[in-house]
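Please read the structure below before turning to the comments.
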Amino acid sequence: MNENIDPASKFTTSHIREAARIGEQFTKLYYESMDKKRSVMGKLYKDEDSVLSWNGHGTKGSEAIVKYISELPSCDHELKSMDIQSLPEEAAPNQIAYLIATAGTVRYKNMKKTAFNQNFIISAEGSKWKIISDVFRLQETPTNMT
């Protein structure tokens, strides 16, 4: 198999495998922390420029994000799918960055299981991956669907 998909591209088979590994490790860490160790969530967000949009409610800055997350009811996520895409240089100048899209179900304390979608933009900070943007949305079933 030819290693390069496009000789002028950085999207080689090994690059794609590495991105998939990063996505799997990051989402495992994120959802385990969210479900069981919220006290460490602040380490996952980049800095005061990080943004969170949680089902239509927005906040900015790692401290405000952690405060918001800590006030959510306890939960248990079940990830059904994950996709990761490398962002072009123009989207994240001078840094390696990825867009991670996830979908699954979440059960909050005393509530029924609900589908969700979540998108992250992460960038490298030393040897760690930090969240720049986090957009979470519950997928409500429309009442007019049969």
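Going by UniProt numbering, the sequence shown opens with residue 1, and the numbers climb by one from there. All C-beta atoms, glycine included, are put in the ideal place defined by N, C-alpha and C.
- If you draw a straight line from the Cα of Ile16 to the Cα of Ile22, it comes to about 10 angstroms.
- Distances from the CA of Ala91 to each of Ala115, Glu78, Lys109, Ile122 were compared; the closest alpha carbon is that of Ile122.
- Distances from the alpha-carbon of Leu99 to those of Lys80, Glu24, Thr12 put Glu24 closest.
- Annotation: the stretch 12–48 contains the following complete segments of the alpha helix (DSSP H) (minimum length 4 residues), in chain order: 13–36.
- For Ile131, the secondary structure class from DSSP, reduced to helix, strand or coil, is strand.
- Rounded to the nearest whole angstrom, the C-alpha separation of Lys113 and Lys37 is 20 angstroms.
- By the criterion of at least three beta-carbon pairs nearer than 8 angstroms, the stretch 75–92 is not in contact with the stretch 50–62.
- At a Cβ-Cβ threshold of 8 angstroms, Ser62 and Asp47 count as neighbours.
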